[in-house]
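Encoded as C-alpha cells, the structure appears first; notes follow it.
There are 2 protein chains.
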Amino acid sequence: MVKDIGFKSLESVDLAIEKIMQRLKVLGVETVSIYKCFGRVLAKDIISPVDVPEFDRSAVDGFALKAEDTFGASQMNPAILKLVGKVEIGEIPKCSLKEGEAIRVFTGSAIPEGANAVVMLEHVKEMDGFIQIFKSVAPYKNVIRKGEDLKKGEVILRRGTILEPQDSGLLASLGIRHVEVYKKPKVAVISTGDELLPLEESKVPGKIYNSNAPMLCNALEELGFPVFHLGIAKDRTVEIEEKLLRALEYDAIIFTGGTSVGGKDLVPEVVSRYGEIVFHGVALRPGMPTAFGIVRGKPVFMLPGTPTATFLSFYTFVVPALFRMMNVKIVERKWSKKEGILRSRIASEIGIRSLVRVSWQDGEVYPLKSGSGVLSTLVKANAILQISENLEGREAGERVEVILLRNLTEVFE
Amino acid sequence: MVKDIGFKSLESVDLAIEKIMQRLKVLGVETVSIYKCFGRVLAKDIISPVDVPEFDRSAVDGFALKAEDTFGASQMNPAILKLVGKVEIGEIPKCSLKEGEAIRVFTGSAIPEGANAVVMLEHVKEMDGFIQIFKSVAPYKNVIRKGEDLKKGEVILRRGTILEPQDSGLLASLGIRHVEVYKKPKVAVISTGDELLPLEESKVPGKIYNSNAPMLCNALEELGFPVFHLGIAKDRTVEIEEKLLRALEYDAIIFTGGTSVGGKDLVPEVVSRYGEIVFHGVALRPGMPTAFGIVRGKPVFMLPGTPTATFLSFYTFVVPALFRMMNVKIVERKWSKKEGILRSRIASEIGIRSLVRVSWQDGEVYPLKSGSGVLSTLVKANAILQISENLEGREAGERVEVILLRNLTEVFE
Chain A
1 MVKDIGFKSL ESVDLAIEKI MQRLKVLGVE TVSIYKCFGR VLAKDIISPV DVPEFDRSAV
61 DGFALKAEDT FGASQMNPAI LKLVGKVEIG EIPKCSLKEG EAIRVFTGSA IPEGANAVVM
121 LEHVKEMDGF IQIFKSVAPY KNVIRKGEDL KKGEVILRRG TILEPQDSGL LASLGIRHVE
181 VYKKPKVAVI STGDELLPLE ESKVPGKIYN SNAPMLCNAL EELGFPVFHL GIAKDRTVEI
241 EEKLLRALEY DAIIFTGGTS VGGKDLVPEV VSRYGEIVFH GVALRPGMPT AFGIVRGKPV
301 FMLPGTPTAT FLSFYTFVVP ALFRMMNVKI VERKWSKKEG ILRSRIASEI GIRSLVRVSW
361 QDGEVYPLKS GSGVLSTLVK ANAILQISEN LEGREAGERV EVILLRNLTE VFE
Chain B
414 MVKDIGFKSL ESVDLAIEKI MQRLKVLGVE TVSIYKCFGR VLAKDIISPV DVPEFDRSAV
474 DGFALKAEDT FGASQMNPAI LKLVGKVEIG EIPKCSLKEG EAIRVFTGSA IPEGANAVVM
534 LEHVKEMDGF IQIFKSVAPY KNVIRKGEDL KKGEVILRRG TILEPQDSGL LASLGIRHVE
594 VYKKPKVAVI STGDELLPLE ESKVPGKIYN SNAPMLCNAL EELGFPVFHL GIAKDRTVEI
654 EEKLLRALEY DAIIFTGGTS VGGKDLVPEV VSRYGEIVFH GVALRPGMPT AFGIVRGKPV
714 FMLPGTPTAT FLSFYTFVVP ALFRMMNVKI VERKWSKKEG ILRSRIASEI GIRSLVRVSW
774 QDGEVYPLKS GSGVLSTLVK ANAILQISEN LEGREAGERV EVILLRNLTE VFE
C-alpha cells in the first residue's frame, strides 16, 4: 500500500506524464532566421530546392582532365597533357576540355565540360605549359558530382527535428534563410507562501528568501523558454486568484508551494474554481504534492514548495510538457555516448585521429560516406565515431562507442 | 608515416589542444545577478554567510512538542498534551513550550523554544484543546535543525563551478543576490573565400552560399558565447588583414577557409605577419588544415573552410579553448548517464518512484542525506539515482546508473 500523506490516491509518474501530454497541443508556428534557429523545432519538412552541388566541383587543388587520357600512365611512361588555362573558385568555366588537355582547378572550382576527373597538384609535374602524370586517374576521382550531396526534391530535415548548428549550415548552403518552427511556450512562474521574502528585500526574522523563483527562471532560460516571474502570492485565496488570472496571458503557468493538503494549501482549490484539476498527488518522492490542471486551455503546473521537490518535479513533469507544446519528445540527448555494433568496416590511417560521421540507430552504427566538403553528411549522420591515432580502423561487427550530434526526437501530432 | 597533404609536419590532436591551453588565460571577472547566472563559471568560492536554517524548523504540518512527553505512548495509553497555540509560517514564536504542552506548527514554521520534535497532523487525534499521541516520537523527529542544511562559514560552491539552476536557488536562500564569475569571451567570426556568397544576396552561378558563418553563430550562441560575424574576406591579403585588425577588439577570433597550403590559402601567412603561428596542420581528419596563432594576445583559430571540417575542428579545438578562457575544463557533461557502485543502502517504498540525490565520484555512488526541504543536498549532490516503483530500494555494492545534475569541471589557474 502506498502511503499517501493525506492524498486520496497517488497517480503513478508515468500515468501523470501521459495525462499531461494528452491535454496539451502545439501552440502554433512562427518563422525564424537560420542565424538564430538552434534549439528550435522544425514545423515542416525541408525539401532541397536544388541539386547540391549544382555543378561538378573539384574536391582538391589540382588539374581537371579526361580520366581516359591518363589510362596506362606510369612513372616510366607519364601521360603528358597540355595546360589550357585555369578555373578560379567561384568562376564559371568558359571553355570545354578537349582530348589531351588539362586545366588548373582549385578546391571548390567548377569542373569544365569535357573533364571528368581531377589529379592532385602534388602528383603532377608541371613544365612549359604541359603537365606530366605518372599514374592513371579513375573517372570522377576528386570530383564532387552534381547532386552528390543533395538531390533536388529530397527531404533534408524532417518536421520535429530540433535544429542544430550543422543544420543551419546546410540550410544556408541551399539559400534557405528562414524556417518555420513551433512557437516556444512563454512560461509564468508564481511563488506562493506566507513565509517567502523576495530576494530584493532585507532579511526578516522567521521569513525565508524565495529560492524557487531564481531556480526556475534559470532552468527555463537555460532550456530556451521565455520566463515571466509574477512574484509571490501569500497563502490567501484572493492573492492566488489574482496571480492566476494575470498568468493566463502566458502559455504555461507554474505555481510553487501551496499544493499539499494542509489548511494553507490553497492553489489546487483556486485552480479547480477556474478550471479543472487533472491530477493532484503523484507517486514520486520528493515531489508527491505535485498537481496539474487546465484553466481556460492553459496548463497549470502546481509544484511542491520545498525547493528540492520543486526542482525534481519541474524536470519530471514540466520540461517534457513544454517540449510537448513544441510537438517533440526528446528520446536521446545530444552529446550522449551510445554503444552499438559497427555495420561496415572503417579504414583509418595510423597517426591520424579520425572523426567519422555515422548514423546510430537502436544499437547499430552505420558509417556515412564522408566526402570532406559534403555538409549533408553532418546532417544525415546523428553521431560521431572517433578512431584514435593508434588504430588502422574499426572492423564490421565490432562494438563501438559514438557521441550523438543531436537530440533524437519523436513527434506527437 | 603520416601523409601530410603539403604540411611539413602534423601536430597530434592532444598536443595541439595542450599548446592552445598553455597560451590562454582567463579574461577577468564580472558580477552577475543570480537570476541570470546559469552556465557562468564561479570566479570565487562562495561561503555561507549564515546558518541554514537559521532556526529549528518543522518539516511537516503537525504539532511541536517535547519528545520526552511522548515516551511510552501507545494505542492503549496515548500521551495527552495541552494545545497552547500555533506558530504560523514566517512567524517568530513568542512563547516557549512547557512540559505537557504542544503547539500547532506548519511545514516551515519555526519550532518554539522548549520543543524538540514534531508529530505529524495525521498521527494525532485533536479534541477540546488537547491532542492524543499514540506512538512515542524521537527527539528532533520532523525537525530541520538550525545549521543542518549549511553551517555559517562553510564553502558551498567552489571556484570553477559552472553554475546550475539549483545553485541559484541555494544562493537565493542565503540572500546572495550577485556572484562573481569569469567573463565570457566575445568571439569574432570571419569567413574567407572568393567563392563565398553572403546568405543575404541572390544566387550567382559558380558561387556558393556561406554556410560556415550561420553554423558557427548558432554553435557559439548555443554555448552562450557572444558572437560577432564580421562577414566575408576574399582571398586577398589586404581583405584578410583588414578583418583581422578589426577582429582584435574581440577576445577570440575564428577564421574559416584559407588555411590549407594552396596558393590562395593566405590566412596563416597574414596571421604570422601580425603575430605568431603556434601550429599549422593537425593529425585530424577531417580538420587537418587547422591552424592556431596569437595576435596581440588574442587567440586566432584558423579552421578549414569545408563545412564538415570547420564543424569538427570547432568542437575539437575552439570550444575547449573558450572554456579555458573561463578557467574550466569540462570533464563530464551534465545529463550524462554514469555507472557506479552504490556505497550504502537506499530504502524506497514499493509503488513510489524515488529520485535520490547522490554524489558520483569515479565510479562510486554515495547517497546524500535527503531531507525534503534541504536545498543544499541538490548542490552537494552531483547526480540523481532513480529507484523505480517496483523496487524496495537498492543495496550497497550494487552497480547502479545515475544521471549527472551538473557539468563536472577542473580549473586551470
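Residue numbers (my numbering), protein chains in the order written: chain A, 1 to 413; chain B, 414 to 826. From the three backbone atoms N, C-alpha and C, an ideal C-beta is built for every residue, glycine too.
Item to check | Nearest neighbour of Trp748/B, chosen from Thr259/A, Val29/A, Tyr315/A, Gly340/A [CA to CA] | outcome: Minimum Cα distance to Trp748/B is reached at Tyr315/A.
Item to check | Chain-ordered chain D contacts of Ser425/B [CB-CB under 7 Å] | outcome: In the structure shown, chain D does not exist; the protein chains are A and B.
Item to check | Strand pairing of Thr409/A, partner residues [DSSP] | outcome: Answer is Ile330/A.
Checklist entry - Does the beta carbon of Pro139/A sit closer than 8 Å to a beta carbon anywhere in chain B? => result No, because no Cβ of chain B sits closer than 8 Å to the Cβ of Pro139/A.
Item to check | Interface partners of Glu535/B on chain A, CB under 7 Å | outcome: Taking a Cβ-Cβ threshold of 7 Å, the residues of chain A close to Glu535/B are Gly6, in chain order.
Checklist entry - Which ranges would you report for the beta strand (DSSP E) in the region 225-251 of chain A if only whole runs of at least 3 residues count? => result Runs found: 227-233.
Checklist entry - Which of helix, strand or coil does DSSP assign to Met540/B? => result The DSSP-derived three-state label of Met540/B is strand.
Item to check | beta strand (DSSP E) runs wholly inside the region 263-330 of chain A, at least 3 long, in chain order | outcome: Counting whole runs of 3 or more residues, the region 263-330 of chain A contains the beta strand (DSSP E) stretches 276-280, 291-295, 298-303.
Checklist entry - Which residues, in order along the region 432-453 of chain B, keep a beta-carbon less than 9 Å from a beta-carbon of chain A? => result Against chain A - using a Cβ distance shorter than 9 Å - the residues of the region 432-453 of chain B are Ser446, Ile447, Tyr448, Lys449, Cys450, Phe451, Gly452.
Checklist entry - What are the start and end residues of the beta strand (DSSP E) that includes Val189/A? => result From DSSP, the beta strand (DSSP E) with Val189/A extends over 187-192.
Next on the checklist: Between Asn623/B and chain A, is any beta-carbon pair separated by less than 8 Å?
Outcome noted: Cβ-Cβ to chain A under 8 Å: yes for Asn623/B.
Checklist entry - For Ile502/B versus Gly527/B, is the C-beta spacing smaller than 8 Å? => result In this structure, Gly527/B does not lie closer than 8 Å to Ile502/B by Cβ.
Checklist entry - List, in order along the chain, the chain B residues whose C-beta lies closer than 8 Å to that of Asp194/A? => result Those within 8 Å of Asp194/A in chain B are Glu501, Ile502, Gly503.
Checklist entry - When you compare only the Cα positions, how much space is there between Thr308/A and Ala477/B? => result Taking the Cα positions, Thr308/A is about 24 Å away from Ala477/B.
Item to check | Gly169/A - containing alpha helix (DSSP H), residue span | outcome: Segment 165-173, the alpha helix (DSSP H) holding Gly169/A.
Checklist entry - Can you find at least 3 beta carbon pairs, one from the region 683-702 of chain B and one from the region 651-659 of chain B, that sit closer than 8 Å? => result The region 683-702 of chain B vs the region 651-659 of chain B: in contact.
Checklist entry - Mind checking Asn390/A: buried by the 16 CB within 10 Å criterion, or exposed? => result By the 10 Å Cβ count, Asn390/A comes out exposed.
Next on the checklist: Could you tell me the alpha carbon to alpha carbon distance between Glu424/B and Arg333/A, rounded to whole angstroms?
Outcome noted: Distance from the CA atom of Glu424/B to the CA atom of Arg333/A, rounded to whole angstroms, is 32 Å.
Checklist entry - Thinking just about the alpha-carbon of each residue, which of Arg590/B, Asn529/B, Val463/B, His536/B is nearest to the one in Glu567/B? => result Of Arg590/B, Asn529/B, Val463/B, His536/B, the smallest CA-CA separation from Glu567/B is found for Val463/B.
Item to check | Top-ranked residue by Cα proximity to Lys438/B, from Pro712/B, Asn623/B, Lys449/B | outcome: The residue with the shortest Cα to Cα distance from Lys438/B is Pro712/B.
Next on the checklist: Give me the residue from Val454/B, Leu679/B, Phe543/B, Ile707/B with the minimum Cα distance to Gly688/B.
Outcome noted: Of the listed residues, the one whose Cα sits closest to Gly688/B is Ile707/B.
Item to check | chain A contacts made by the region 764-782 of chain B, where a contact means CB separation under 8 Å | outcome: Residues Gly764, Ile765, Arg766, Ser767, Leu768, Arg770.
Item to check | Under 7 Å by beta carbon: chain B residues contacting Met215/A | outcome: Those are Pro578, Gln579, Ser581, Gly582, listed as they occur along chain B.
Item to check | Assigned exposure category for Gly671/B - 16 Cβ within 10 Å defines buried | outcome: With 16 or more other Cβ atoms inside 10 Å of its own Cβ, Gly671/B counts as buried.
Next on the checklist: Looking only at its chain, what residues have a beta carbon closer than 6 Å to the beta carbon of Ser615/B, apart from the 5 residues adjacent to it on each side?
Outcome noted: Answer for Ser615/B: no residue qualifies.
Next on the checklist: Below 8 Å on C-beta distance, what does Pro49/A contact in chain B?
Outcome noted: Going along chain B, no residue has its Cβ under 8 Å from Pro49/A, so there is no contact; the nearest lies around 10 Å.
Item to check | At least three beta-carbon pairs within less than 8 Å, the region 28-39 of chain A to the region 162-179 of chain A | outcome: Flag = yes, the region 28-39 of chain A and the region 162-179 of chain A touch.
Checklist entry - So, do the region 376-388 of chain A and the region 353-360 of chain A have three or more beta carbon pairs nearer to each other than 8 Å? => result Judged by Cβ distances under 8 Å, the region 376-388 of chain A makes contact with the region 353-360 of chain A, as three or more pairs qualify.
Checklist entry - Where does Lys507/B land, buried or exposed, given buried means 16+ other C-beta within 10 angstroms? => result Around the CB of Lys507/B, fewer than 16 other CB atoms lie within 10 Å, so the residue is classed as exposed.
Checklist entry - On the three-state DSSP scale, how would you describe Leu791/B? => result The answer is helix: DSSP assigns Leu791/B an H, G or I state.
Checklist entry - At what residues does the beta strand (DSSP E) containing Ala64/A begin and finish? => result Following the DSSP letters along the chain, one finds Ala64/A inside the beta strand (DSSP E) bounded by residues 62-65.
Item to check | Contact with chain B by Phe106/A, beta-carbon distance below 8 Å | outcome: Among the CB atoms of chain B, one or more fall inside 8 Å of the CB of Phe106/A.
Item to check | 7 Å Cβ cut-off: residues of chain A touching Ala523/B | outcome: Within 7 Å Cβ-Cβ: Gly206.
Next on the checklist: Quick check: is the beta carbon of Ser173/A nearer than 8 Å to any beta carbon in chain B?
Outcome noted: Look at Ser173/A: its C-beta is under 8 Å from a C-beta on chain B.
Checklist entry - When DSSP builds the beta bridges, which residues end up paired with Ile162/A? => result Per the DSSP secondary-structure output, Ile162/A pairs in a beta bridge with Val41/A.
Checklist entry - Per the contact definition of three or more C-beta pairs closer than 8 Å, is the region 114-124 of chain A in contact with the region 135-152 of chain A? => result Under the Cβ criterion (8 Å, minimum of three pairs), the region 135-152 of chain A counts as touching the region 114-124 of chain A.
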